[in-house]
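Student: Shown below is the structure under consideration.
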């Protein structure tokens, strides 16, 4: 069978290919690798700075540019100022519940999903965070928050008492 084949097919007089022990770097592959590393670095830099913080910063910059384009004097018919003041929620506002219901209704109509909120009573914490809506109401803490609030109240009471003693003769 091999006797009938030509020497070109069999490779009798073919040049010897010497393989190098080390692989040569392909410039295209190297460029792709560098680009991939650069993309990952940018991605992790964004994550390191905080995605929400970056969004807030860009929103703040856009808002500042918008405010800079307005005239210095603001009048009663300024729609942006009026809208900004109406959107603020103030503690003790008699219309606060109505405003919240109105916002909730507007969000539902716009298709913005509303996150469920725990509606029962809960112990306060240092950070003012409400419990999750699935919380069963059982306090599983080690009592640190309670002791922390007691210490804060003691300090405040001591300061008030000291102030009363210091201003007694006035």
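Residue numbers (the working numbering): 483 to 652.
Don't be surprised by glycine CBs; every beta carbon is placed ideally from N, CA and C.
These numbers were taken from a predicted model, which means no experiment stands behind them.
Tell me which same chain residues have a C-beta within less than 8 Å of the C-beta of residue 572, skipping the five on either side of it?
Tutor: Taking the first residue of the chain shown as 1, we reach residue 572 at position 90. So the qualifying residues of the chain are 578.
Student: Check this for me: beta carbons of residue 600 and residue 615, under 8 Å apart or not?
Tutor: Taking the first residue of the chain shown as 1, we reach residue 600 at position 118. Taking the first residue of the chain shown as 1, we reach residue 615 at position 133. Yes, the Cβ-Cβ distance between residue 600 and residue 615 is below 8 Å.
Student: Roughly how many whole angstroms lie between the Cα atoms of residue 528 and residue 536?
Tutor: On the chain shown, residue 528 is found 46 positions in, with the first residue counted as 1. On the chain shown, residue 536 is found 54 positions in, with the first residue counted as 1. Their backbone Cα atoms lie some 8 Å apart in a straight line.
Student: Would you tell me roughly how many angstroms separate the C-alpha atoms of residue 605 and residue 637, rounded to the nearest one?
Tutor: Position 123 of the chain shown, counting from 1, holds the residue named residue 605. Position 155 of the chain shown, counting from 1, holds the residue named residue 637. Approximately 20 Å between the Cα atoms of the pair.
Student: Which residues in the same chain have their Cβ closer than 7 Å to the Cβ of residue 630, if we skip the five residues on either side of it in sequence?
Tutor: Start at 1 with the first residue of the chain shown, and residue 630 comes out as number 148. Closer than 7 Å at the Cβ level, and outside the excluded window around residue 630, lie 608.
Student: Going by DSSP in three states, residue 529 sits in which element: helix, strand or coil?
Tutor: Numbered from its first residue, the chain shown carries residue 529 at position 47. Residue 529: helix per DSSP, three-state reduction.
Student: Is the CB-CB distance between residue 556 and residue 563 below 8 Å?
Tutor: Taking the first residue of the chain shown as 1, we reach residue 556 at position 74. Taking the first residue of the chain shown as 1, we reach residue 563 at position 81. Against a cut-off of 8 Å, the Cβ pair of residue 563 and residue 556 comes out as a contact.
Student: Going by CA-CA distance only, name the one from 632, 635, 598 and 594 that's closest to residue 617.
Tutor: The residue you call residue 617 lines up with position 135 of the chain shown. If we check each option's Cα against that of residue 617, 598 comes out closest.
Student: Answer yes or no: do residue 582 and residue 596 have a C-beta to C-beta separation smaller than 8 Å?
Tutor: The count along the chain shown starts at 1 and reaches residue 582 at position 100. The count along the chain shown starts at 1 and reaches residue 596 at position 114. For residue 582 and residue 596, no; Cβs fall outside 8 Å.
Student: I need the boundaries of the alpha helix (DSSP H) containing residue 581, first residue and last residue.
Tutor: The residue given as residue 581 occupies position 99 in the chain shown. Run containing residue 581: 578–592, per the alpha helix (DSSP H) assignment.
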